[in-house]
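Undergrad: Using this note's numbering, you'd call the opening residue of the sequence shown number 417 and step up by one each time.
Yeah, the Cβ is synthetic: ideal placement off N, Cα and C, and Gly gets one too.
Sharing a structure with you now.
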Amino acid sequence: MRSARLVTILLFLATSSTAVAATKAIKFGKLVDGTGRVLTNAVVIVEDDRVRSVASGNVAIPSGAEVIDLSRYTGIPGLIDAHTHITYYWDGNTIPRYEPPRHPAVTAFLAQENAQKALEAGVTTIRNLNSLDGIDLAMRDLINMGKMIGPRMFVSGLGIRITRSTAPPAPIGIMADGVDAVIHAVRQVIASGADWVKMYGSTGGFDDVTQAQTFTYEEMKAAVDATHALGKKIAIHSYGPGGARDAVRAGTDSLEHATDMDDQTIAEMVKRKTYYLPTIDHNQYYVENADTVYHFPPGAKERLLDYIQRNFATAKKAFQAGAHMIVGSDAVYNGWGLNMRELDWFVKMGMTPEQALKAATTEPAAMLDMEKSLGAVAPGFYADIVAVEGDPLANITAVSRRENIRWVLKAGRVVVDKTTR
Ligand SMILES: [Zn+2]
């Protein structure tokens, strides 16, 4: 009996010393903490998956803490990419979207490469919008269990589309027509365990830059109301102005792409505090890969370049009007790793680097209802911290170029370390 009690005590001590070892003291030359503060000679104390304290100068290091010296770098909060497609995996040989059919478990396994590339771009959280067969749900859960390494995921499962004939490959999604069918589809998506609902309010995607509205205002309104009734949020895709106008009027929580919006729609979006993700850079990425990777038909590049200009002009107008701008890469296939290039466009449209950084940290954290745990390096927040080369407040390329991302901590765990290179 006595020895059994001793073993219990020893076990308890062993467990508690493990907990102490999970304390980290991380030093940064400079820390942009996401709450508006910039600290020099910062020391961040991390305990398990959370930040315990943030201070500068001479700070008492808890005994037994692992000291990580990143004083050569600037620390920033883990970045949030609020529009991704993590299950769109490219093997480097086949033509994306025309790859051979794969079992969902195979895709989930392969998509870990995209997850790793996201982390290497400093992205510790994504909102993933549209995925087949619950693969995004499975990846989210595996990552939360600590069994798969990747960014924290908020997912939509299958996107909701209208029925329409398209050239192969068949679009991924639930086909729904009419108010009742849309409500049913929304409830199915949420019942499957999705965090968000994704709806396609217009045509357009990849080399297709058409902007025709698909769902009607009534259908969008039904989707928004059914989503909100179940305590979730909805993202509506619209390449064009018609779908965007009705999505905003219907009360969508976020609006994706939305080129050529009129002033009235922009004003309405500002009034309603609709989050706007222009996803400008993804078409630039398509242009760069049009011939070598995607084998788009002739004329596609010209159409994409024209769309980019209008997309940028619309986003600039919305920013100047006071819209809530959010960084979304729309990353697919070999676009993974380029997730934060969108920041360059945000600065180009007139944001300060600080404002642009907020569009990838505190603003999307609020959109995800995670403003008390994500988007800042602050006590009680998840210990999602990125060390970058350079000063992001002077030049955003310190964040937007993946080669400047040197070290990434996600929920207290080092997931990228390129400090010794
Ligand atoms: Zn997308």
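1) By the three-class DSSP mapping on this structure, what secondary structure does residue 487 have?
2) Can you tell me the Cα-Cα spacing of residue 502 and residue 800, whole angstroms?
3) Return the Cβ separation of residue 384 and residue 516 in integer angstroms, given the expectation that the two are a contact with Cβ distance under 8 Å.
4) Please classify residue 711 as buried or exposed, where buried requires at least 16 neighbouring CB atoms within 10 angstroms.
5) If distances are taken between C-alpha atoms only, which option among 817, 571 and 828 comes closest to residue 796?
6) Using only the heavy atoms of ligand 1, determine whether one of them is closer than 7 Å to the beta carbon of residue 754.
7) Per DSSP, which residues does residue 740 bridge with? Please list them.
8) Is it buried or exposed for residue 757, if we count other Cβ within 10 angstroms and need 16 for buried?
9) Tell me the DSSP secondary structure of residue 710 in three-state form.
10) If you reduce the DSSP assignment to three classes, tell me which class residue 622 lands in.
11) Kindly list the residues whose CB is nearer than 8 Å to the CB of residue 575, restricted to its own chain and excluding five residues on each side of it in sequence; keep chain order.
12) Tell me whether residue 623 counts as near ligand 1, meaning its Cβ is closer than 7 Å to at least one heavy atom of that ligand.
13) Given the structure, does residue 644 come close to ligand 1, in the sense that its CB is under 7 Å from one of the ligand's heavy atoms?
14) Enumerate in chain order the residues of its own chain whose CB-to-CB distance from residue 721 is below 7 Å, with the five nearest sequence positions on each side excluded.
15) Ligand 3 heavy atoms versus the CB of residue 552: any closer than 7 Å?
16) Given this structure, state the Cα-to-Cα distance separating residue 638 from residue 699, to the nearest angstrom.
17) Using only alpha-carbon positions, find the residue among 835, 513 and 821 that is nearest to residue 534.
18) Please state whether DSSP places residue 437 in a helix, a strand or coil.
19) Let me make sure I understand the geometry here. Which of 612, 716 and 563 has the alpha-carbon closest to that of residue 626?
TA: Checking against the coordinates, here is how it stands:
1) Here residue 487 sits in strand by DSSP.
2) If I take the Cα positions, the gap works out to 20 Å.
3) In the structure displayed, the chain extends from 417 to 837; residue 384 sits before or after that span and is not available.
4) That one is exposed.
5) Of the listed residues, the one whose Cα sits closest to residue 796 is 828.
6) In terms of side-chain proximity, the C-beta atom of residue 754 is found no nearer than 7 Å to any non-hydrogen atom of ligand 1.
7) Bridge partners of residue 740: 691.
8) The Cβ neighbour count for residue 757, taken over all protein chains shown within 10 Å, is at least 16; the residue is labelled buried.
9) Here residue 710 sits in helix by DSSP.
10) Note: residue 622 maps to coil in three-state DSSP.
11) Only 545, 546, 588, 589, 590, 614, 615, 616 and 653 meet the Cβ criterion.
12) For residue 623, the shortest separation between its Cβ and any heavy atom of ligand 1 does not lie below 7 Å.
13) Outside the cutoff, so no.
14) Once the five neighbours on either side are set aside, the close Cβ partners of residue 721 are 703.
15) Of the ligands one can find in the structure shown, namely ligand 1, none is ligand 3.
16) The alpha-carbon atoms of residue 638 and residue 699 are separated by roughly 31 Å.
17) Nearest option by C-alpha distance: 821.
18) In this prediction, residue 437 has a pLDDT of 49, which is less than 50 and means its spatial position is unreliable; nothing more can be read from the coordinates.
19) For residue 626, the closest C-alpha among the options 612, 716 and 563 is that of 716.
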